[in-house]
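**Student:** Sharing a structure, written as structure tokens. Questions coming.
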Amino acid sequence: MNINYDYISEYLKDIYLDDDYIFERKYALENNIPIMKLETKEFIKSLIYIKKPKSILEIGTAIGYSSLIFSKYSRARITTIEKSEEMAKIAKKNFSKYNKQINIINMDAKKALNEINQGFDFVFIDANKAKYKYYFDKASKLLNKDGIIVCDNILFRGEVSNDDLIIRRSITIVKKLRKFLSYITNLEEFDTSIIPIGDGISISTRRLNE
0 MNINYDYISE YLKDIYLDDD YIFERKYALE NNIPIMKLET KEFIKSLIYI
50 KKPKSILEIG TAIGYSSLIF SKYSRARITT IEKSEEMAKI AKKNFSKYNK
100 QINIINMDAK KALNEINQGF DFVFIDANKA KYKYYFDKAS KLLNKDGIIV
150 CDNILFRGEV SNDDLIIRRS ITIVKKLRKF LSYITNLEEF DTSIIPIGDG
200 ISISTRRLNE
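For the sequence shown, the residue numbers in numbering that gives the first Met the number 0 are 0 to 209.
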């Protein structure tokens with residue numbers, strides 16, 4: 000579900016020339032595998048062009064679509080974490096098909112983040128929504144001085160912002176995401192913006208020392 004009006008999304012689809020890994024996007028949609036929305040992808044592309052990261056960490060690989068986008072529009076060293084063995088295998092095949100040198104860690108993110116000992120300029124979090132706070136805190140310790148942390152699906156189909164939209168099975172996730180948003184927007188160390196595109200994203204950067 001997109002949090003914006005359908006007619007806006009359809010209009011943007013007509014504007015954007017979406018020639019990025021069309022087969023992988025189609026496969027994900029047909030198999031109900033969550034990947035970033037088209038509008039989110041275009042916004043992320045702009046962030047990457049502006050930031051020019053040399054190193055990217057992704058938490059939540061799925062079939063590798065986001066990592067392929069990162070690889071296409073940057074020269075960064077990419078590390079991506081995926082818990083599911085099945086998804087990791089598909090992602091590896093996709094990376095190999097396009098001859099992409101992307102390091103995939105097939106491991107629970109909580110364990111993997113404790114084992115990684117290198118810094119990153121750009122962190123993209125798109126995994127278990129209930130664990131976003133844990134991922135953010137761990138990722139912030141791996142973030143280079145001028146790095147940014149981007150979290151996807153932060154408004155979760157609009158349910159985070161409107162009680163009338165909440166369905167029963169989403170109650171726990173919505174509560175967790177609301178707490179997480181309150182947490183990251185009140186951190187003294189970070190400045191966070193919430194962008195209502197796609198399914199909602201947050202962008203966190205370290206505050207400048209005054």
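Glycine included, C-beta positions come from ideal geometry on N, C-alpha and C.
None of these values were measured; they are calculated from a predicted model.
Helix, strand or coil, according to DSSP, for Leu56 in the structure here?
**Tutor:** Reduced to three states, the DSSP call for Leu56 is strand.
**Student:** So, for Phe189: in the same chain, excluding its five sequence neighbours on each side, which residues have a beta-carbon less than 7 Å away from its beta-carbon?
**Tutor:** Excluding sequence neighbours, Phe189 sits near Ile183, Ser203, Thr204, Arg205, Arg206.
**Student:** Taking 7 Å as the threshold (C-beta atoms), are Ile55 and Ile77 in contact?
**Tutor:** Contact: yes.
**Student:** Looking at Ile153 and Ile200, is the spacing between their C-beta atoms short of 7 Å?
**Tutor:** Contact: yes.
**Student:** According to DSSP, Glu81 sits in a beta bridge with which residue or residues?
**Tutor:** Bridge partners of Glu81: Asn105.
**Student:** Less than 7 Å between C-beta atoms, sequence neighbours within five positions excluded: which residues of the same chain meet that for Asn143?
**Tutor:** Only Gly118, Phe119, Asp120 meet the Cβ criterion.
**Student:** With which residues is Ile202 paired in a DSSP beta bridge?
**Tutor:** Per DSSP, Val149, Ser192.
**Student:** From Thr191 to Asn185, what distance separates their C-alpha atoms?
**Tutor:** Thr191 and Asn185: Cα-Cα distance of roughly 8 Å.
**Student:** Among all the DSSP beta bridges, which residues are the ones paired with Ile124?
**Tutor:** According to DSSP, which records beta bridges pairwise, Ile124 is partnered with Ile58, Cys150.
**Student:** Is the distance from the Cβ of Lys137 to the Cβ of Leu112 below 7 Å?
**Tutor:** Yes; because the gap between Cβ atoms is below 7 Å, this pair is in contact.
**Student:** For Arg74, which residues of its own chain have a beta-carbon under 7 Å away from its beta-carbon, when the five flanking residues on both sides are left out?
**Tutor:** If we look at Arg74 and ignore the five residues flanking it on each side, it has no Cβ neighbours.
**Student:** Does the distance from the CB of Glu125 to the CB of Gly63 come in under 7 Å?
**Tutor:** Reading off the sequence shown, one finds Asp at residue 125, where the question assumed Glu. No, Cβ-Cβ distance for Asp125 and Gly63 is not below 7 Å.
**Student:** Around the C-beta of Ile166, are 16 or more other C-beta atoms found within 10 angstroms, so that it is buried, or is it exposed?
**Tutor:** Answer is exposed; the Cβ neighbour count stays below 16.
**Student:** Find the nearest neighbour of Asp5 within the set Ile103, Lys53, Lys36, judged by alpha-carbon distance.
**Tutor:** The shortest C-alpha separation from Asp5 is found at Lys36.
**Student:** When you compare only the Cα positions, how much space is there between Ala87 and Ala61?
**Tutor:** Taking the straight line from one Cα to the other gives about 7 Å.
**Student:** Measure from the alpha carbon of Ile193 to the alpha carbon of each residue in Lys53, Lys51, Phe94, Phe42, then state which is nearest.
**Tutor:** The shortest C-alpha separation from Ile193 is found at Phe42.
**Student:** Less than 7 Å between the C-beta atoms of Glu23 and Asn93, yes or no?
**Tutor:** Taking 7 Å as the Cβ cut-off, Glu23 and Asn93 qualify as a contacting pair.
**Student:** Any idea if Glu187 is buried or exposed, counting beta-carbon neighbours within 10 angstroms, 16 or more meaning buried?
**Tutor:** Classification of Glu187: exposed, given that the 10 Å Cβ count is below 16.
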